[in-house]
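In what follows, a structure is listed as C-alpha cells, so that the remarks can point back to it.
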Amino acid sequence: TCISYKMSLQTFSKRSVPASKRSTHSCPLNGVWLPHRPSHHGHNDCFKSNQRSCVARAVETEPSPLDSIALKTIEDLDTNYCDDFVCTSSPAVEQTVRSLARELTRSRYTTTSLFQPNVTYSDGFRTFSGQEGFTRQRWIIDNVEQPRETVIKLRMLDKGTSQIQWRLDGRLGGMQLDVGFTTTCEHNLLTGRITSLRESWDLSRCSPPAAFLATLNRYSWSAKQAVTDARDGIDKALQKLGSSGGDSTGTNMPSDPTRFYQQGDSGNNQDVIAIGFLIALLYLAFKLFGALETLG
C-alpha cells in the first residue's frame, strides 16, 4: 500500500546515510534545539514548526580606546635593540611607552612602577622628583568635567627618548576645553622605566577666556601641590636629621623633669615650613605673571 511504501522509503533513506555523515548541527527555536536537515540544494537549514529558517548574524564591535593603543604604531621605533657589541635599547622601552599612553587616557599616573624612584617631572606649572608625586598628579580628574583623552601619536626621538602627543577635551568652569599635550620621556634602556618626564601644553584651540581660566586654574592647583611637596620634603629632611642625630633615649622618659623644656625644635620646624611656603608662593606668582604676559 501507499503507507507501507512511504515507510520503506524512510527506512531506506535512514539506512543509506551513514551516522558519521548525518548533520549534527542544531539551532535554538523557541527554547527547543532542532537538528539541521539537508535541503535539496545541499545546504543545512534550520526549521521551525512554521517552516521559518534561522539566520545567524555576526555583530562586529569596535576596539576600545585602550585596545587601540596596543595597535597604534610607534613612529621611528627601531626594534634592532642590540648589535654584536652593545645593546642600545630594549623591548621594555616600547612596553613602557604603551603603558604610559594607557595611563594618560585614564587621566592618571597611578602605575608608579613605570617610573624610576628618582624620576623628575616638569610641566611649567609643577616640578617635583620621586614616584610619590605622580600619585597626586590629578588635575584633570579633580577639575575637568567630562574629560576625554585621545592619543594622537607615539614616536621615538632616539633610542631612549619617547614622545606621546595626546589631546584633552572637556569642560572647565562651564567653558569648553581643547588642550593639546606633548609628553616627552627619558628612559632607562635596560628596564624601560622613565627617568625624566616633561609635559608641554598647547591652548591654541581654546577660546581666550577658556585658555585664561585653564592657566589660572592650573596655577592655583599647582600652588597647593607645591605647598604639599615642600612640606613633605621638609618632613623627610627633618626625619633624616633626627635619625642621624645623637642618642635621644632619655628624651621621652616620663620621670625626666626637663622633658618639658626639650620640645623647642618644633618652633624651628614651623619656621622652616613657613619659609618654604613663602618661597613656593613667590615662585608661582612669578610664573603666573609670565603666563599672563604671554596670553596678553
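Counting from 1, position 170 in the sequence shown corresponds to residue 170 in the working numbering; the numbering is continuous, with no gaps. Glycine is no exception: its CB is placed at the ideal position from the N, C-alpha and C atoms. In this text, all values refer to a predicted model and were calculated from it rather than measured experimentally.
Top-ranked residue by Cα proximity to residue i, from the options
i	options	result
residue 126	166, 235, 198 and 185	198
residue 133	240, 191, 235 and 228	228
residue 119	107, 226 and 196	196
residue 104	75, 157, 164 and 238	164
residue 202	224, 217, 218 and 179	179
residue 136	162, 72, 107 and 101	107
residue 211	225, 177, 114 and 275	177
residue 213	175, 98 and 75	175
residue 169	117, 157 and 146	146
Residue i (DSSP reduced to helix, strand or coil)
i	result
residue 189	coil
residue 125	coil
residue 54	Unreliable placement is indicated for residue 54, whose pLDDT of 43 sits below 50; no coordinate value is reported for it.
residue 283	helix
residue 119	strand
residue 105	helix
residue 328	Since the first residue of the chain shown is 1 and the last is 296, residue 328 is not available in this structure.
residue 137	coil
residue 144	coil
residue 182	strand
residue 153	strand
residue 205	coil
residue 242	helix
residue 112	helix
C-alpha gap between residue i and residue j, whole angstroms
i	j	result
residue 215	residue 151	22 Å
residue 148	residue 167	8 Å
residue 280	residue 153	35 Å
residue 242	residue 124	34 Å
residue 138	residue 220	13 Å
residue 278	residue 155	40 Å
residue 189	residue 160	6 Å
residue 92	residue 191	6 Å
residue 162	residue 122	16 Å
residue 217	residue 173	10 Å
residue 128	residue 101	21 Å
residue 240	residue 114	27 Å
residue 335	residue 282	Because the chain in this structure spans residues 1 to 296, residue 335 falls outside the shown range and cannot be described.
Whole-angstrom C-beta distance between residue j and residue i, which should lie under 8 Å
i	j	result
residue 171	residue 96	That pair is no contact at about 31 Å.
residue 200	residue 284	Residue 200 to residue 284, Cβ: 18 Å. No contact.
residue 112	residue 131	4 Å
Is it a yes or a no for the region 232-241 touching the region 134-144, going by three-plus beta-carbon pairs under 8 Å?
-> With the rule of 3 Cβ pairs closer than 8 Å, the region 232-241 does not count as touching the region 134-144.
Per the contact definition of three or more C-beta pairs closer than 8 Å, is the region 205-223 in contact with the region 184-192?
-> With contact defined as three or more Cβ pairs closer than 8 Å, the region 184-192 and the region 205-223 are not in contact.
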